[in-house]
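Before any comments, here is the structure.
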Amino acid sequence: MYIRKLTRQVILDYGKAEVCTKSGMLRGVISDGTYIFRGVRYAQAQRFHMPAPPTPWEGVKEAITYGNACPEVFTCVPHDQYTVPHYFTVQSEDCQFLNIWTQNIEKGVKRPVMVWFHGGGMMTGSGVEHYAYDGEELSKFGDVVVVTLNHRLNVLGFLDLSAYGEEYRYSGNAGMADLVAALAWIKENIEAFGGDPDKVMIFGQSGGGGKVMSMLQSPRAAGLFHRVCLQSGGMRPGNDMTKELSGKLAAYVLEYLKIAPEHVRELESVYYDELARAADYAAGRLYGEEGRPVMFGPVKDNDFYFGNPFENGFIRETKAVPVLCGSVFGEFMNNFASPVGIGSKNSWTEKYKKVLLNEEYGEKTEEIINAFQKAYPDKNIADILFMDVEMRRNAAAFAGLRAGFTDAGVYNFQFNLESPFNGGTVSWHNAEIPYVFHNAEYLEASFIPQITPKLQDIMSQAWVNFAENGNPNGCGVPQWTPFGGGKNRTMIFDRECRMGEDHDLELIRLCPSRTVDFSKLIGSKK
-18 MYIRKLTRQV ILDYGKAEVC TKSGMLRGVI SDGTYIFRGV RYAQAQRFHM
32 PAPPTPWEGV KEAITYGNAC PEVFTCVPHD QYTVPHYFTV QSEDCQFLNI
82 WTQNIEKGVK RPVMVWFHGG GMMTGSGVEH YAYDGEELSK FGDVVVVTLN
132 HRLNVLGFLD LSAYGEEYRY SGNAGMADLV AALAWIKENI EAFGGDPDKV
182 MIFGQSGGGG KVMSMLQSPR AAGLFHRVCL QSGGMRPGND MTKELSGKLA
232 AYVLEYLKIA PEHVRELESV YYDELARAAD YAAGRLYGEE GRPVMFGPVK
282 DNDFYFGNPF ENGFIRETKA VPVLCGSVFG EFMNNFASPV GIGSKNSWTE
332 KYKKVLLNEE YGEKTEEIIN AFQKAYPDKN IADILFMDVE MRRNAAAFAG
382 LRAGFTDAGV YNFQFNLESP FNGGTVSWHN AEIPYVFHNA EYLEASFIPQ
432 ITPKLQDIMS QAWVNFAENG NPNGCGVPQW TPFGGGKNRT MIFDRECRMG
482 EDHDLELIRL CPSRTVDFSK LIGSKK
């Protein structure tokens, strides 16, 4: 009988976990055979300036507690707090820290390196925010080196002051520069932690997927990673921060703070809370002008970042990098985040389901039901009401675009597992993360007896295989056919995993996009 591990017994050994980096010696801990180094500094930076390497130190530095997270313009506890518990840590602008989990620190041992970029848009979050981000189980399961990290976000990471002087040339991409600095540190130091600097995979979910995309489109990052994975993010066309928009944001921030352009350096000493209020004002004002949400994020400058590939094409420097990408069935439209009807969807009568579907889709209802049953014959038609179309469409379009650009390999996935949580909840935004990190057994909402152990083994192994070879196929993983050949090939992760080929194209065509309005998170429309 399989017993879920909702708690973890931790026995730490402080004895032999010492590693020599380019900057000095570090001492971590050993947890059940896994070497853990927390709060490792990979860079340091002044506000709005490019990161610099860590200052070398003498002696042995402790690496046993997590480093600071970047301050947040707003702190929110989203609906997924109920499904994937969060861990909040100290916030500070001094936030260039990473964490490492590895199985061996002996010289000559080289394992694949899996570098996680956290979600939260470009606005919030940290490398340890979700309990699911803990890298111990994935490192142990796949014998890989797992790295998570923090970096500058929001107005600290993406305020474009380039119009006010050469010293701020890259301030609009300071958050991206931190990611590049982290990858450069990993390239120089990860071998000491048992990692292979020539087998570095970057992967991220939601905003983390956007960060992966920014690295894929940055010549500065080329050669620092060798495989990429985008999960429910970074694959949406038309979302670049242009120089024009970023310039307006900066001007509005200065205006709010009553700082003249010639005194722009005063921004470096403004209290963060006041700077955050100015950023909120600027984003809200720009939302009013543009008629759409405008969030801080990487600035398309055709230097550090070459923009979204849908509009600008992929850069040639990363053409040889294989891609894994996908989304989950419900995303933000799931029946916990966006409830519809009365009671649990799994208790509804067929008549009631049809009533609700007719209210949503009108004369297209029967056609949509037929397409849905063809795509997902084992699912409840009520799930149509909680099905994401936007991210699924974007993921398939991105996979097709990439497959047309390179022969390096593109693998698409969809995570469709329904949780018993709350009487039955379709997969939500973040739902796949515990399965990728082999942590689903520790998270109650993610746990399904007889299903979770097998599925998380399959998914973790696929990601590990991809980190090792640039191909998710291998022992323990169902045959996964790459995207291409004019076919929308998708690995569907569910109670039973299967390959889909154009399985939902008709359904996606019929269903209108439904998206979540995030404008309230970035300022009121003015």
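Per this note's numbering, residue -18 is the first one in the sequence shown, and the count goes up by one each step. Think of the CB as a built atom: it goes at the ideal place given N, C-alpha and C, for glycine as much as any other residue. Note that the structure is predicted; figures quoted are calculated from it, not measured.
Excluding sequence positions up to five away, which residues of its chain have a Cβ less than 6 Å from the Cβ of residue i?
i	result
W38	G5
W82	T15, I17, G116, E117, S120, V127
I171	V94, P178
Q27	none
H419	E118, L119, F122, Q437, S441
Y145	P242, V245
D485	A356
G100	G106, Q186, S187, G188, G189
In whole angstroms, what is the alpha-carbon distance linking residue i and residue j?
i	j	result
C478	E147	53 Å
M103	K332	43 Å
K88	S12	20 Å
L7	N131	18 Å
H410	N85	33 Å
H67	Y112	6 Å
G504	R92	Confidence at G504 is low in this model, with a pLDDT of 36, below 50, so its placement is unreliable and the value that follows should be read with caution. For G504 and R92, the distance between alpha carbons rounds to 44 Å.
V407	P453	25 Å
G455	L248	52 Å
D124	G457	15 Å
A(-2)	L338	58 Å
P493	K168	44 Å
E422	F428	6 Å
M276	G40	43 Å
R217	N154	19 Å
M314	Y23	37 Å
L(-13)	Y114	Note that L(-13) scores a pLDDT of 47, beneath 50, so its modelled location is shaky; the value from the coordinates is reported in the next line. Whole-angstrom Cα-Cα distance: 15 Å.
E413	P459	17 Å
G349	L366	Correcting the residue identity first, residue 349 is Ile in this sequence and not Gly. Straight-line Cα distance between these residues: approximately 11 Å.
S500	K229	Any reading at S500 needs caution, since the residue's pLDDT is 42, under 50, leaving its predicted position unreliable; the model's value is listed next. Spanning the two alpha carbons is a distance of roughly 18 Å.
V193	P35	24 Å
T129	S400	27 Å
How is the alpha helix (DSSP H) around residue i delimited, first residue to last?
i	result
M196	188 to 197
L119	117 to 123
R373	371 to 384
T46	No alpha helix (DSSP H) contains T46, which DSSP labels as neither H nor E.
L238	224 to 238
E292	290 to 293
F139	135 to 139
According to DSSP, what are the bridge partners of residue i?
i	result
W444	Answer is none; W444 lacks a bridge partner.
Y392	L305
I365	In DSSP, I365 forms no bridge with anything.
W461	DSSP, once it has assigned bridges, lists no residue as partnering W461.
T83	Y16
E(-1)	R8
E482	R470
I183	V96, V209
S400	T406
V65	DSSP, once it has assigned bridges, lists no residue as partnering V65.
V280	M222
E312	W409
G322	Looking at the DSSP assignment, G322 forms no beta bridge with any residue, so it has no partner.
Closer than 8 Å by C-beta to residue i: which residues in its own chain qualify, once you throw out the five before and the five after it? Chain order, please.
i	result
I489	V370, R373, R374, A377
F206	V96, L164, V181, M182, I183, M196, V302
Q72	N49, A50, C51, P52, E53
D75	Q25, N49
G390	P303, V304, G451, N452, P463
Go through its chain and collect everything with a Cβ distance to residue i's Cβ below 7 Å, but skip five positions before and after it.
i	result
P200	I296, E298
V90	G175
E449	P93, K180
Y47	R19, G20, T70, N80, V109
V251	L238
Y149	F29, L142, S143
T2	N170, A173
F353	I362, I365, L488
What are the start and end residues of the beta strand (DSSP E) that includes residue i?
i	result
S12	10 to 12
W166	Where W166 is concerned, there is no enclosing beta strand (DSSP E), although the alpha helix (DSSP H) it sits in stretches over 155 to 170.
V41	41 to 43
T129	126 to 130
Is residue i close to chain D? Criterion is C-beta to C-beta, closer than 8 Å.
i	result
D284	Protein chains in the displayed structure number just one, and chain D is not present.
Is the stretch 256 to 265 close to the stretch 233 to 245, with three or more CB pairs under 8 Å?
yes
Quick one: any contact between the stretch 376 to 394 and the stretch 460 to 468, if contact means 3 or more CB pairs under 8 Å?
yes
Taking 8 Å as the cut-off, does the stretch 385 to 402 touch the stretch 471 to 487 (at least 3 CB pairs, one atom from each stretch)?
yes
Any chance the stretch 439 to 455 sits against the stretch 343 to 355, with 3 or more Cβ pairs inside 8 Å?
no
Could you say if the stretch 277 to 293 and the stretch 355 to 364 meet the contact criterion of at least three C-beta pairs nearer than 8 Å?
no
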